[in-house]
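Here's the structure, in structure tokens; my notes come after.
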């Protein structure tokens, strides 16, 4: 059990809680494995590079462990913000879940350390940045790119669901790309690990499943719904139920007010997959296994999960 599970507050010890898993990086494996997992870590052990992003509760920086030159992304979270918004439980849950996951399409959380004011999460560095940036730059993705990303997401979610983890907040901003264009799921802040149905409304407005909008019990099928939303957004550039306000968005979601624009030109096979995922009854949505077997996925997805960044 990770020590984090025993904590009742975020007044943490200043040592890095290491997972003991093998790390992959631009440095050699020997350099990565040579590091002592019991060594206490601090900010002084890292060379801090450029900022990679900024959020409500902190920032993310490119960093390099000074001795081995192991490159990571260092997420800095301010304890004052955690206290202010009462996010102790959510942060502990996020760290516990993400540290326990080991899949090629899930961003690795290697460990953490802290000082008096901040918590530092040591994350796998995804060189390609957010998928959101690629989508906004190009407007929409090719069917080959979209199918590859949906296939990679499906494989990662099958792994998560097998460990009783529901992500509940998959969106382009939470999807990162490595240097070869492989997709990585990040940000497990709204995730939950449970074999029982949940009732908390969480996630991002345009991606909420109908059962969450209606505040009903939900399970893994909410992630399958989001795959349909993302598939549509990848191919058309916007989520399907987007509206001017929350009320109208919820109304469109509950009615399954789905339409396919004439431009860009999207194949009938792709539309078929989307339609089978955006179903109001969770039990009738396409399963993860059937998504991976869908003709559009089989025909278009790169089996290695590699995507070129240009359309």
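Numbering (full-length UniProt numbering), first residue to last: 1 to 311.
Heads up, the beta-carbon is just placed ideally off N, CA and C, and yes, glycines get one too.
Original post:
Is it the case that the Cβ atoms of residue 177 and residue 128 are separated by a distance below 9 Å?
Top reply: Reading the chain shown from its first residue, position 177 is the one you call residue 177. Reading the chain shown from its first residue, position 128 is the one you call residue 128. Yes, the pair counts as a contact, with Cβ atoms nearer than the cut-off.
Original post:
Is residue 213 closer than 9 Å to residue 253 when the C-beta atoms are compared?
Top reply: Counting from 1 along the chain shown, the entry for residue 253 is found at position 253. Counting from 1 along the chain shown, the entry for residue 213 is found at position 213. Cβ atoms of residue 253 and residue 213: closer than 9 Å.
Original post:
Taking Cβ positions, are residue 156 and residue 185 nearer each other than 9 Å?
Top reply: In the chain shown, counting from the first residue as 1, residue 156 sits at position 156. In the chain shown, counting from the first residue as 1, residue 185 sits at position 185. Yes, Cβ-Cβ distance for residue 156 and residue 185 is below 9 Å.
**OP:** Would you decide whether residue 26 is buried or exposed? Buried here means 16 or more other CB atoms lie within 10 Å of its CB.
**Re:** For the purposes of this step, residue 26 is taken as the residue at position 26 of the chain shown. With a pLDDT of 49 at residue 26, under the threshold of 50, the modelled position of that residue is not reliable, and no figure is offered here.
Subject >> Unbroken beta strand (DSSP E) run spanning residue 63, endpoints >> reply: Here residue 63 is taken as the residue at index 63 of the chain shown, counted from 1. 58-65 is the span of the beta strand (DSSP E), which, as asked, contains residue 63.
Original post:
Based on the DSSP output, what are the partners of residue 266 in its beta bridges?
Top reply: For the purposes of this step, residue 266 is taken as residue 266 along the chain shown, with counting starting at 1. According to DSSP, residue 266 bridges with nothing at all.
Original post:
Just curious, the alpha helix (DSSP H) that residue 80 is in, first and last residue?
Top reply: Taking the chain shown and counting its residues from 1, the one referred to as residue 80 is at position 80. 79-84 is the span of the alpha helix (DSSP H), which, as asked, contains residue 80.
Original post:
residue 124 and residue 107 look like a contact to me (Cβ under 8 Å); what is the Cβ gap, rounded to whole Å?
Top reply: Taking the chain shown and counting its residues from 1, one reaches residue 124 at position 124. Taking the chain shown and counting its residues from 1, one reaches residue 107 at position 107. Residue 124 to residue 107, Cβ: 5 Å. Contact.
Subject >> Candidates 58, 60, 67 and 57, of which the one nearest residue 44 by Cα >> reply: Here residue 44 is taken as the residue at index 44 of the chain shown, counted from 1. For the residues 58, 60, 67 and 57, the minimum Cα distance to residue 44 belongs to 67.
Original post:
Hey, quick one: how far does the beta strand (DSSP E) through residue 113 stretch, first residue to last?
Top reply: By one-based count along the chain shown, residue 113 stands at place 113. Segment 109-114, the beta strand (DSSP E) holding residue 113.
Subject >> Helix, strand or coil at residue 46 according to DSSP, with G and I counted as helix >> reply: In the chain shown, residue 46 corresponds to position 46, counting from 1. Looking at residue 46 - three-state DSSP - the assignment turns out to be strand.
**OP:** Output yes or no for whether 9 Å exceeds the beta carbon distance between residue 286 and residue 273.
**Re:** Mapped onto the chain shown, residue 286 falls at position 286. Mapped onto the chain shown, residue 273 falls at position 273. Yes.
Subject >> Proximity of residue 75 and residue 58 at Cβ, strictly below 9 Å >> reply: The sequence position of residue 75 within the chain shown is 75, counting from 1. The sequence position of residue 58 within the chain shown is 58, counting from 1. Yes, the Cβ-Cβ distance between residue 75 and residue 58 is below 9 Å.
Original post:
Given residue 260, which residues of its chain have a CB within under 6 Å of its CB, disregarding the five upstream and five downstream residues?
Top reply: For the purposes of this step, residue 260 is taken as the residue at position 260 of the chain shown. For residue 260, where only same-chain residues beyond five positions count, the Cβ hits under 6 Å are 271.
**OP:** Spatial neighbours of residue 204 within its chain, please: CB distance less than 7 Å, with the 5 preceding and 5 following residues excluded, ordered by chain position.
**Re:** By one-based count along the chain shown, residue 204 stands at place 204. So the qualifying residues of the chain are 169 and 171.
Subject >> Assigned exposure category for residue 264 - 16 Cβ within 10 Å defines buried >> reply: On the chain shown, residue 264 is found 264 positions in, with the first residue counted as 1. Classification for residue 264: exposed.
**OP:** Report yes if the CB atom of residue 226 is closer than 9 Å to the CB atom of residue 167, and no otherwise.
**Re:** Numbered from its first residue, the chain shown carries residue 226 at position 226. Numbered from its first residue, the chain shown carries residue 167 at position 167. A contact, by the Cβ cut-off of 9 Å.
Subject >> Three-state class that DSSP yields for residue 73 in the structure shown >> reply: Numbered from 1 along the chain shown, position 73 holds the residue referred to as residue 73. In the structure shown, residue 73 sits in a strand (DSSP, three-state: E or B).
Original post:
Quick one: what does DSSP say residue 33 is sitting in, helix, strand or coil?
Top reply: On the chain shown, position 33 is the one that residue 33 refers to. A caution first: residue 33 carries a pLDDT of 40, below 50, which makes its placement in the model too unreliable to give a value.
Original post:
CB-CB under 7 Å to residue 179, same chain, minus the five flanking residues each way: which ones, in chain order?
Top reply: In the chain shown, the residue the question calls residue 179 occupies position 179. These residues qualify, in order along the chain: 127 and 128.
Subject >> C-alpha gap between residue 161 and residue 216, whole angstroms >> reply: As a working mapping, residue 161 is identified with position 161 in the chain shown. As a working mapping, residue 216 is identified with position 216 in the chain shown. If you take the alpha carbons of residue 161 and residue 216, they lie about 20 Å apart.
Subject >> Per-residue burial, residue 130 [other beta carbons within 10 Å of its own, 16 or more giving buried] >> reply: As a position in the chain shown, residue 130 is number 130, starting the count at 1. Per the 10 Å Cβ criterion, buried.
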